[in-house]
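>
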Amino acid sequence: MGLLRRVSRREVVKTGLASAGLMVASAAGLLGSESEPGRGEPIRLEVDPDRTVVEPFLGLGVQWDPFDRYQPSAEDWAIICERMAYCRPGFLRVMGSASAYCLGFGSDGEPRYVWKEGTPEQKARLERLCDILRWAQSHRVDVILGEWGPPRGLVGEQTDPRWPRIIAGCLEYLRKERGFKVVRYYNLINEPNGDWSGNRDYPTWRDCIRGLHQELARAGLSKQVAIIGPDTTGSTGWMEPFEWLDRCVRDLPEEVGVWDLHWYALDPEVLKGDIERVLAEKRRMLEAAGPSALRKPRILGESGMLTGRVNGDQQPRVRSFEYGVMMADYVAQVARAGWQGATAWDLDDAMHLVNGRHAPDPPDDLTLKVWGFWNSQGARMGRPEEMALRPWYYTWSLFSRLFPSRSRIVAVTGPDAPRVRAVAGARRLGGRDELTLMLVNNSNARQGAAIRVRGGFRKADLTTYHYFETDRPADAKGYPKAKQVLRAADLSHGLDLELPTRGVLFLTTAAEEKGRTG
64 MGLLRRVSRR EVVKTGLASA GLMVASAAGL LGSESEPGRG EPIRLEVDPD
114 RTVVEPFLGL GVQWDPFDRY QPSAEDWAII CERMAYCRPG FLRVMGSASA
164 YCLGFGSDGE PRYVWKEGTP EQKARLERLC DILRWAQSHR VDVILGEWGP
214 PRGLVGEQTD PRWPRIIAGC LEYLRKERGF KVVRYYNLIN EPNGDWSGNR
264 DYPTWRDCIR GLHQELARAG LSKQVAIIGP DTTGSTGWME PFEWLDRCVR
314 DLPEEVGVWD LHWYALDPEV LKGDIERVLA EKRRMLEAAG PSALRKPRIL
364 GESGMLTGRV NGDQQPRVRS FEYGVMMADY VAQVARAGWQ GATAWDLDDA
414 MHLVNGRHAP DPPDDLTLKV WGFWNSQGAR MGRPEEMALR PWYYTWSLFS
464 RLFPSRSRIV AVTGPDAPRV RAVAGARRLG GRDELTLMLV NNSNARQGAA
514 IRVRGGFRKA DLTTYHYFET DRPADAKGYP KAKQVLRAAD LSHGLDLELP
564 TRGVLFLTTA AEEKGRTG
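Positions in the sequence shown are counted from 1; adding 63 to them yields this note's numbering.
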């Protein structure tokens, strides 16, 4: 989605969003639109810590872009940084534009960079990017840096070799002069399959990627910064963007170092397990292409729910309890399919404006893209409660903390149950093995589960976290708080659990960390 300027007619038809009723339906109506499946006996699930689905898991990412029009106050910035520290993202995706760092070219043909020739205001804008990179560096979080689209007015054609040249210059400055070694990936064009991206077509994008790869090699950066792609967006009703991945594997086996797709899912795609099905198919394609293709990281570069989007590009469902369940189900399917991470779109409503909208001060109800974990402009809009953590931060941050970067996703076997998903992760920390399980019940019906872990974990203290509409314990700041600790649980023998209604249950042998946000 990124800076989605408009929904093309093709996308409207293909994703089935042409119905005005769907666009304005309430969250409750959307989730209850299909009949709920009945429930019988508890499902029996077996976790096998020795059977790895994917390793390493890279964790969950967050889209954190420089604030432009609406800057957070110093107090709110400190809160944002603390909340991100609690979340412990596996990586960040940070997008901008070439005009933020390059002013053009001198009479000698050399780039004129902001850090050398910019005005104080232009340099301050660049520093807003560096503020994010400083946070990432201090927390050892890798960064995907990139540009929304071809730089209009700065270079000539999209394939103008001066564009990759200035990108390499910017990366040299950030990595070598400023020391931001966490900048490890580069995203050339956001969603190049969309007419909003400014990209002409697949062959043009492919040639741009080749040009960037050559320039990074000339600058000695190709071993330090990997290009990600194709970064396309689509759905099960609009599969062509996913097929760009197949083309990349064929055409750009050396140039692309990280496989990356976007998926803004419709409710039925999550409820029916289509996320897992399609991503598993793509993983098998990579496996068939050979070991080098499968060894490269594979992530969802943007993740979110499309059903319920209104007003051009606002998702009011982020304020709802149900959105937290849907996104937990979504990331469970990503991990189960053998993909290595997903990026939340996005951090804060105030980062982006709805395309084509004016920018009043303060913003009005139609100004900001409503997709964040909070809105740091809420107080200025007369709604200070908007700065509070929204429900989906609860499940996203817990998954991020309990399924961290460099952990393993391990096998969970058992009968398929409609709208029920289980995912397990394992890691070794401080000389001890840790295991975490997330169970998602994405229906309104009660669901029981009998969980058994093969081998080990015979006398494990098990910390549990509940995310149900009327049962989601939190501390004074809104951070998730453990529901209870089950002492000396024998997971090898089995454990009976119950999800009383729609919601998410986390169980982990990792000890609850009191008072830590880092």
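Idealized CB from N, CA, C, for every residue including glycine.
1) What does a CB cutoff of less than 6 Å around residue 312 pick up in its chain, not counting 5 residues either side in sequence?
2) By how many angstroms is the C-alpha of residue 361 removed from the C-alpha of residue 507?
3) What three-state label does DSSP hand residue 206 in the structure shown?
4) Tell me, please, whether the segment 171–188 touches the segment 112–126 by the rule of three or more beta-carbon pairs shorter than 8 Å.
5) Could you check whether the segment 331–350 touches the segment 293–310, counting it as contact only if at least three pairs of C-beta atoms, one from each stretch, sit closer than 8 Å?
6) Is residue 292 closer than 9 Å to residue 323 when the C-beta atoms are compared?
7) Between the C-alpha atoms of residue 267 and residue 277, what's the straight-line distance to the nearest angstrom?
8) Taking residue 158 and residue 211 to be in contact with their CB atoms under 8 Å, please state how far apart those CB atoms are, rounded to whole angstroms.
9) Here's the rule: buried if 16 or more other CB atoms are within 10 angstroms of the residue's CB, otherwise exposed. What is residue 535?
10) Between residue 420 and residue 377, what straight-line distance do the alpha-carbon atoms span, to the nearest angstrom?
11) Between which two residues does the alpha helix (DSSP H) harbouring residue 449 extend?
12) Please list the terminal residues of the continuous alpha helix (DSSP H) segment that includes residue 184.
13) State the DSSP-derived secondary structure class of residue 571, mapped to helix, strand or coil.
14) One question on the structure: do residue 555 and residue 495 come within less than 9 Å of each other, judged by their Cβ atoms?
15) Between residue 520 and residue 571, how many whole angstroms is the CB-CB distance? I'm expecting something under 8 Å.
16) When we look at the beta-carbon of residue 547 and count the other beta-carbons within 10 Å, is it buried (16 or more) or exposed?
17) Answer yes if the segment 110–123 comes into contact with the segment 160–174, meaning at least three C-beta pairs across the two stretches below 8 Å, and no otherwise.
18) Can you name the residues that DSSP bridges to residue 308?
19) Could you name the residues of the same chain whose beta carbon sits closer than 6 Å to that of residue 476, not counting the 5 residues immediately before and after it, in chain order?
20) What whole-angstrom Cβ distance do residue 423 and residue 444 have, given they're in contact under 8 Å?
21) So, with DSSP's three-state summary, where would you put residue 396?
22) Would you kindly report the start and end of the unbroken alpha helix (DSSP H) that includes residue 119?
23) Apart from the five residues just before and just after residue 310, which ones in its own chain have a Cβ nearer than 7 Å to its Cβ?
24) Would residue 219 pass as a contact of residue 228 if the rule is Cβ separation under 9 Å?
25) Can you tell me where the alpha helix (DSSP H) holding residue 346 begins and where it ends?
26) Expressed to the nearest angstrom, what Euclidean distance is found between the alpha-carbon atoms of residue 560 and residue 339?
27) Which term fits residue 85, buried or exposed, when burial requires 16 or more other beta carbons within 10 angstroms of its beta carbon?
28) Please classify residue 131: does DSSP put it in a helix, a strand, or coil?
29) Is it the case that the Cβ atoms of residue 230 and residue 155 are separated by a distance below 9 Å?
30) Tell me the residue span of the beta strand (DSSP E) that contains residue 491.
31) Where does residue 509 fall in DSSP's three states?
32) Helix, strand or coil for residue 545, going by three-state DSSP, please let me know.
33) Could you please give me the residues that DSSP links to residue 528 through a beta bridge?
34) Here's a check: name, in chain order, each residue in its chain whose Cβ is nearer than 6 Å to the Cβ of residue 319, leaving out the five neighbours to either side.
35) If you check the beta carbons only, do residue 513 and residue 105 fall under 9 Å apart?
36) Express the C-alpha separation of residue 457 and residue 441 in angstroms, rounding to a whole number.
According to the structure shown:
1) Counting only Cβ-Cβ distances below 6 Å, and skipping sequence neighbours, we find 352, 356.
2) Between residue 507 and residue 361, the C-alpha separation is close to 33 Å.
3) Reduced to three states, the DSSP call for residue 206 is strand.
4) Proximity of the segment 171–188 to the segment 112–126 falls short of the contact definition, fewer than three beta-carbon pairs being nearer than 8 Å.
5) Short answer: they touch.
6) Annotated as proximal: residue 323 and residue 292, with beta-carbon spacing under 9 Å.
7) Distance between the alpha carbons of residue 267 and residue 277: 16 Å.
8) Confirmed, about 6 Å.
9) It is buried - the Cβ of residue 535 has at least 16 other Cβ atoms within 10 Å.
10) Roughly 12 Å separates the two Cα atoms.
11) Membership of residue 449 in any alpha helix (DSSP H) is not indicated, and neither H nor E is assigned to it by DSSP.
12) Taken as a continuous stretch (DSSP letters only), the alpha helix (DSSP H) holding residue 184 covers 183–201.
13) When secondary structure is reduced to three states using DSSP, residue 571 falls in the strand class.
14) Not a contact, by the Cβ cut-off of 9 Å.
15) With a Cβ gap of about 11 Å, residue 520 and residue 571 do not count as contacting.
16) When all chains shown are included, residue 547 counts as exposed.
17) The count of Cβ pairs closer than 8 Å, one atom from the segment 160–174 and one from the segment 110–123, stays below three, leaving the stretches out of contact.
18) Bridge partners of residue 308: none, in fact.
19) The answer, listed in chain order, is 109.
20) About 10 Å; that fails the 8 Å criterion.
21) Residue 396: helix per DSSP, three-state reduction.
22) Under the DSSP assignment, residue 119 falls outside any alpha helix (DSSP H), being part of the beta strand (DSSP E) whose first and last residues are 106–120.
23) Closer than 7 Å at Cβ, skipping near neighbours: 265.
24) For residue 219 and residue 228, no; Cβs fall outside 9 Å.
25) 337–352 is the extent of the alpha helix (DSSP H) around residue 346.
26) Between residue 560 and residue 339, the C-alpha separation is close to 24 Å.
27) Since pLDDT at residue 85 reaches only 23, below the 50 mark, its modelled position is unreliable, and no value is offered.
28) Coil, per DSSP.
29) Contact: no.
30) Taken as a continuous stretch (DSSP letters only), the beta strand (DSSP E) holding residue 491 covers 483–492.
31) Coil, per DSSP.
32) In the three-state DSSP reduction, residue 545 falls in the coil class, being neither helix nor strand.
33) In the DSSP assignment, the residues bridged to residue 528 are 569.
34) In chain order, 290, 292, 311 place their CB closer than 6 Å to the CB of residue 319, counting only its own chain and leaving out the 5 sequence neighbours on each side.
35) Yes; because the gap between Cβ atoms is below 9 Å, this pair is in contact.
36) Between residue 441 and residue 457, the C-alpha separation is close to 20 Å.
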